[in-house]
Amino acid sequence: MNLNNGLAMLATATIMLCSSLPALAAGELLVLPTSTRVLHAQEQTIKVRNDGDAPLYLAINLAQVSNPGLVPEHKLMLRDLPHPGMLATPEKLVLGPNQSREIHLKSLEEPEQEALYRLYITPVNAFSVTDAPQERIAAPMSFAVGYGVLVRHLPAPERQKNSWTYRCDNNQIALSNTGNVRLRLSEMQLLPGGHSPQSAIGLFPGMPQRFNASKITMNVDDQPVTVSCS
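In this note's numbering, each residue's number is its place in the sequence shown (first place is 1) plus 328.
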């Protein structure tokens, strides 16, 4: 048998072996909505559903974004916050095939200004290594693909304030939110050069953002405005 024939037979055997293996059942997670708002004295729910044909074991964790609107995000898990403003229950869920459940978001106190959270819903699959050599450490392995639901924790509607300002500084324009809820900046054009961010930007209270421009045209909460330092 020559080398080419041997390789061909090996490839054929590999294909036959793979095709003979049974398909593994798997859960398929669906989460709705993928973003929500929570006001004080109000409870919101997130619906989770398993559209797959195997059980799903879900870990549920809530984290607060400490620098909302900036990239990359910095997050603090709820257990690391001295005074968390929100709670998510339950912390774990088991979903059978075609089963749905709800995750509840509850405001613990009314925020002075908008706070941003990420609710992480992660399928957890663990496989224990039982036949490892004694001199090696057997440890569970896990692989998970989940959702990070965006949660805006807002002051009461009558206390929400929308205002902003800008400042010129060393060939840059600094935009600052002087209200207490997020402002949405869209269709931004930075001049000179005509550069524009690829997507809308969230401008949050206490989180100014700087842009290399002498003039900016944009929509602030869908209202067209222009700022100029020239």
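Even for Gly, the Cβ is constructed at its ideal location relative to N, Cα and C.
Under the 10 Å beta carbon count, S556 is surrounded by fewer than 16 other beta carbons and is classified as exposed. Per DSSP, reduced to three states, the secondary structure at E486 is helical. Among the bridge pairs identified by DSSP, Q441 is matched with none. Looking at D497, V553, D550 and G507, the one whose alpha-carbon comes closest to that of A541 is D497.
Looking at the DSSP output, Q551 sits in a beta bridge with V548.
When DSSP states are grouped into helix, strand and coil, D497 belongs to the strand group. Comparing alpha-carbon positions, the option among K434, N453, P439 and E440 lying closest to L447 turns out to be K434. The C-alpha of M535 is placed about 10 Å away from the C-alpha of A502. R512: member of the beta strand (DSSP E) spanning L511 to L519, first to last residue. Taking 8 Å as the upper bound for CB-CB distance, E440 and P483 are in contact here, some 7 Å apart.
Taking all protein chains in view, the Cβ of L360 is surrounded by fewer than 16 other Cβ atoms within 10 Å, so the residue is classified as exposed.
Nearest to I544 by alpha-carbon distance, out of P520, G507 and K375, is P520. Note that the C-beta distance between I374 and V509 is not below 7 Å. In summary, A391 is buried, with 16 or more beta-carbon neighbours lying within 10 Å of its beta-carbon over all protein chains present. Ranked by how close their Cα comes to the Cα of T417, the residues L398, S504, L384 and N389 have N389 in first place. In the DSSP assignment, Q392 falls within the beta strand (DSSP E) that extends over L384 to V393.
Around the beta-carbon of E442, 16 or more other beta-carbon atoms lie within 10 Å, marking it buried. Within the DSSP secondary-structure output, G476 pairs in a beta bridge with Y448. Just so you know, the alpha carbons of V422 and T493 end up roughly 48 Å apart. The beta carbon of P383 lies closer than 8 Å to those of G355, V422, L423, G424 and P425 in the same chain, with the five residues before and after it left out. Note that the C-beta distance between L531 and L518 is not below 7 Å.
Put simply, of P396, N499 and R407 the residue whose alpha carbon is nearest the alpha carbon of Y445 is P396.
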